[in-house]
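Residue numbers (this note's numbering): 902 to 1297.
Data block below; observations after.
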Ligand code: COS
């Protein structure tokens, strides 16, 4: 059983502690039936994610991903999002994915949508009746968002989108996509706007699912003369880059939290194994080399948790930009989770690489987190940029 004493840390209040308990209970009592066997879930990731979204919505848990309130943060509580992802990731990567994408795909609407846009989309996201997706990356514009070439041009009644997006989570499952496109309102980061595009919009087509080591819905979107109404632009024309970055400021901490959930599960499995597996006439846990691994893993887990909860607490309680804190949380937690899980596989020995063991699944699940929502290298650029900017402004 995972140590839950971190819930007593001062970052949290009763609301977050209660939410964490609700996610914990759901994961224990309801999730196994919704997920089925791991093989079945991986064979039909689209169907599984739809089922998971429906069940999370039915349980009332998606209201944390799309609260639909009118305050500046759209009601998003980053500490709750982090605890939710951490808890779900400990149980299942796909359950975490289903929850997280409802948040990432709808957050631009929560943060920047008009009252009418919020009314139209958020209640359905929150109920699990509509699946959301966030469409930013392109084949030649991943880390370098400003290099995007998908265009949105004015046309009678709205906008016409042309181009393609790739690495889009929930492609083919989503009911709508928040799409970022070059709108010609300025160059570089200034010329990008955000649009809500319904999945059944004529001119939008979806490529086949991209098969990755830990399968989930992921694909390519192509826009050919795809028309969206004038009421579907999000925020100000030309404000799309900042909408994307503000959304990522919130969700990068939660990616760290998902990595933390994977790491906690691997750590728990490894400690259980070390206590029960015997060799050289003693438990594995009595070997000092194993104790050193366990100490390193425990330290990485706690340090990652501190950075994640610090970032989330700062956003919830201080507001404003948290780019530095969020990037530190994502960078450290994802890199360390990879190391913790690798050590867990090592402690399991041969069994650790057998398909179907928890640590083998975690080993595959964690890898993408060091890449998506800003690769580790991008997080370093952001951290250094923020530190240098702050230092330069003090010197002036
Ligand atoms: N919130 C609000 N505004 C922000 C912001 C944030 N978190 N981050 C940047 N901005 C603003 C800046 O203040 C700047 O505004 P002004 O021009 O008014 O001064 C503007 O946006 C441009 O910022 P910046 O100069 O930092 O842009 P860059 O092109 O240098 O950004 C990085 C480069 C690498 C940081 C950015 O492109 C990035 O995060 N890339 C990774 C994208 C990613 O995560 N992709 C994965 C897709 S989701 S799976």
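Beta carbons are placed, not taken as given, at the ideal position from N, Cα and C, and that holds for glycine.
By the Cβ test, the stretch 1146–1156 is not in contact with the stretch 1188–1199, since fewer than three Cβ pairs between them sit closer than 8 Å.
Per DSSP, reduced to three states, the secondary structure at residue 977 is coil, with no helix or strand assignment. A distance criterion of 8 Å places the beta-carbon of residue 997 beyond contact range of the ligand COS, judged by its closest non-hydrogen atom. Annotation for residue 1133: no beta strand (DSSP E) segment contains it, and DSSP assigns it neither H nor E.
The DSSP-derived three-state label of residue 919 is helix.
Counted as a single uninterrupted DSSP element, the alpha helix (DSSP H) harbouring residue 1194 occupies residues 1189–1219. DSSP, read as helix, strand or coil, puts residue 1080 in strand. Excluding the 5 residues flanking it on each side, residue 1042 has same chain C-beta neighbours closer than 8 Å at 1048, 1049, 1050, in chain order. The beta carbon of residue 1005 sits closer than 6 Å to those of 1035, 1152, all from its chain and outside the five residues before and after it, given in chain order. Taking C-beta atoms under 8 Å as the contact rule, residue 956 and residue 923 fail to qualify, at a distance of about 13 Å. Counting along the chain, residue 958 sits inside the alpha helix (DSSP H) bounded by residues 946–959.
Around the CB of residue 1113, fewer than 16 other CB atoms lie within 10 Å, so the residue is classed as exposed. Sequence-distant Cβ neighbours of residue 953 in its own chain, meaning closer than 7 Å and more than five residues away, are 935, 995, 996, 999. With a cut-off of 8 Å on Cβ pairs, the stretch 1018–1030 is not in contact with the stretch 1163–1183, counting fewer than three such pairs.
Sequence-distant Cβ neighbours of residue 1167 in its own chain, meaning closer than 7 Å and more than five residues away, are 1241, 1242, 1245, 1260, 1263.
Looking at 987, 982, 1080, the one whose alpha-carbon comes closest to that of residue 1105 is 1080. Spatial neighbours of residue 913 in its own chain (CB-CB distance under 7 Å, excluding positions within 5 residues in sequence) are listed in chain order as 980. Rounded to the nearest angstrom, the Cβ distance from residue 978 to residue 965 is 7 Å, consistent with a contact under 8 Å.
In this structure, 1164 is the residue among 1164, 1227, 1188, 967 with its C-alpha nearest to the C-alpha of residue 1203. Just measuring C-alpha positions, the residue of 1060, 1068, 1145 sitting nearest residue 1125 is 1060.
For residue 1035, the three-state secondary structure derived from DSSP is strand. Taking C-alpha positions only, residue 1003 is separated from residue 1075 by approximately 9 Å.
Remark: three or more beta-carbon pairs, one from each stretch, lie closer than 8 Å, so the stretch 1278–1297 and the stretch 1224–1238 are flagged as touching. Residue side-chain check: residue 1002 keeps its Cβ at 8 Å or more from all non-hydrogen atoms of the ligand COS.
The beta carbon of residue 975 lies closer than 6 Å to those of 1011, 1012 in the same chain, with the five residues before and after it left out.
Comparing alpha-carbon positions, the option among 1064, 942, 1145 lying closest to residue 1115 turns out to be 942. From the listed residues 972, 963, 933, 969, the smallest Cα separation to residue 992 is found for 933. In the structure shown, residue 1063 adopts extended strand secondary structure according to DSSP, grouped into three states. When 1117, 1221, 1248 are compared, the shortest CA-CA separation from residue 1001 is found for 1117. The C-alpha of residue 959 is placed about 9 Å away from the C-alpha of residue 1030. With 16 or more other CB atoms across the displayed protein chains lying within 10 angstroms of its CB, residue 1121 is buried. Sequence-distant partners of residue 1159 (beyond 5 residues in either direction) whose C-beta falls short of 6 Å from its own C-beta, in its chain, are 986, 990, 997.
Contact between residue 1007 and residue 1040 is ruled out by a C-beta separation of about 25 Å, above the 8 Å threshold. Using a Cβ distance threshold of 9 Å, residue 1037 and residue 1127 do not count as a contacting pair. Within the DSSP secondary-structure output, residue 1169 pairs in no beta bridge. DSSP, reduced to helix, strand and coil, places residue 1155 within a helical segment of the structure shown.
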